[in-house]
Amino acid sequence: MKVAVAPRPQGDAVPGWRAPGTGFDQPFEMLEACHERVLRMLALLDRLRVHLQTKGCDDSARHAARDILRYFDQAAPLHHEDEELHVFPPLLEQGDAQTVALVQRLQREHGLMSADWALARQPLLDMAEGRCQGFGAADEAVFERFAACYASHVENEERLAYPQARGLLPEATQAAMGREMAVRRGADLSRR
274 MKVAVAPRPQ
284 GDAVPGWRAP
294 GTGFDQPFEM
304 LEACHERVLR
314 MLALLDRLRV
324 HLQTKGCDDS
334 ARHAARDILR
344 YFDQAAPLHH
354 EDEELHVFPP
364 LLEQGDAQTV
374 ALVQRLQREH
384 GLMSADWALA
394 RQPLLDMAEG
404 RCQGFGAADE
414 AVFERFAACY
424 ASHVENEERL
434 AYPQARGLLP
444 EATQAAMGRE
454 MAVRRGADLS
464 RR
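This note's numbering puts the sequence shown at residues 274 to 465.
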């Protein structure tokens, strides 16, 4: 879990895209596995904040900051792109007014989470690189907003958007979706 901030890795090294027993041939399960990782990274952020208050900034804190940075810099944008390319379009095209409104809200939330991540990223990077020892009140407020938005977002996608999209997409389309997700992550599909 303790990793340095590095350029985007290729293939199997891309964090957050593979859960045990889940492959790209099950794209919705992959999306849900990514949500599990999102929630774990948000829990790690929460533990980091507590750790700083009780033990201060040490190597463990810097490693946690790097893990969080790596995940939200690399895996989370790929996950959002998966949804924007594959999940949201059929819902916008074929969904009822309530579904379309939900998807539009989820799309806005992607933008809000991206903006909040841009704000949350800098204090985490400063910590990971040893330039700061803790977070200020403004940082804490951004972390809270970022985590709350993600938690609500994940719940709405898993409870409403994913089941509806899965019902609209034929198996062949889901298979193509999984292949595209794999290729975008640099996975070698020839080894299957």
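Cβ atoms here follow ideal geometry from the backbone N, Cα and C, with glycine treated the same way.
Every value quoted in this text rests on a predicted model; they were computed, and no experiment measured them.
### Query
From what residue to what residue does the alpha helix (DSSP H) around Tyr423 run?
Ala410 to Asn429
### Query
For Asp355, which residues from the same chain have a beta carbon less than 7 Å from its beta carbon, with the 5 sequence-adjacent residues on both sides left out?
Counting only residues of its own chain and dropping the five nearest sequence neighbours on each side, Asp355 has a CB closer than 7 Å to the CB of Leu304 and Met454.
### Task
Give me the Cα-Cα distance between Ala349 and Arg452, rounded to the nearest whole angstrom.
If I take the Cα positions, the gap works out to 18 Å.
### Query
Whose C-alpha, out of Trp390, Met450 and Thr372, is nearest the C-alpha of Leu318?
Answer by Cα proximity: Trp390.
### Query
If you draw a straight line from the alpha carbon of Leu315 to that of Leu441, how long is it in whole angstroms?
31 Å
### Query
Quick one: any contact between the stretch 333-343 and the stretch 394-410, if contact means 3 or more CB pairs under 8 Å?
yes
#### Entry: Leu364 versus Cys422 - alpha carbon distance
21 Å
### Query
Of the choices Asp369, Ala410 and Ala338, whose alpha-carbon is the least far from that of His324?
Between His324 and the set Asp369, Ala410 and Ala338, the nearest pair of CA atoms involves Ala338.
### Message
Only counting the same chain, and skipping five residues up and downstream in sequence, which positions put a Cβ closer than 8 Å to that of Leu433?
### Response
Thr372 and Leu375
### Message
Am I right that Leu398 and Val415 are in contact with their C-beta atoms under 8 Å? What's the rounded C-beta distance?
### Response
The Cβ separation is near 13 Å, so there is no contact.
### Task
Starting from the C-beta of Leu358, find all residues in its chain whose C-beta is less than 6 Å away, skip the five residues before and the five after it, and write them out in chain order.
Around Leu358: no qualifying Cβ.
### Nearest-angstrom beta carbon gap, Cys307 and Met400 [assumed within contact, 8 Å]
Not really, about 24 Å apart at Cβ, beyond 8 Å.
### Query
What first and last residue would you give for the alpha helix (DSSP H) that runs through Gly451?
Glu444 to Arg457
### Query
Between which two residues does the alpha helix (DSSP H) harbouring Asp461 extend?
Note, Asp461: premise wrong, no alpha helix (DSSP H); not H, not E.
### Query
In three-state DSSP terms, what is Phe361?
Helix, per DSSP.
### C-alpha gap between Arg281 and Glu444, whole angstroms
With a pLDDT of only 32 at Arg281, under the threshold of 50, the placement of this residue in the model should not be trusted, and no figure is reported.
### Query
Is it the case that the Cβ atoms of His426 and Glu382 are separated by a distance below 8 Å?
yes
### Task
Measuring alpha carbon to alpha carbon, tell me which of Asp369, Thr327, Ser387 and Arg320 ends up nearest Gln347.
Nearest of Asp369, Thr327, Ser387 and Arg320 to Gln347, Cα basis: Ser387.
### Message
Checking 8 Å against the spacing of the C-beta atoms, do Ala351 and Arg394 come in under that value?
### Response
Per the sequence shown, residue 351 should be read as Leu rather than Ala. No, the Cβ-Cβ distance between Leu351 and Arg394 is not below 8 Å.
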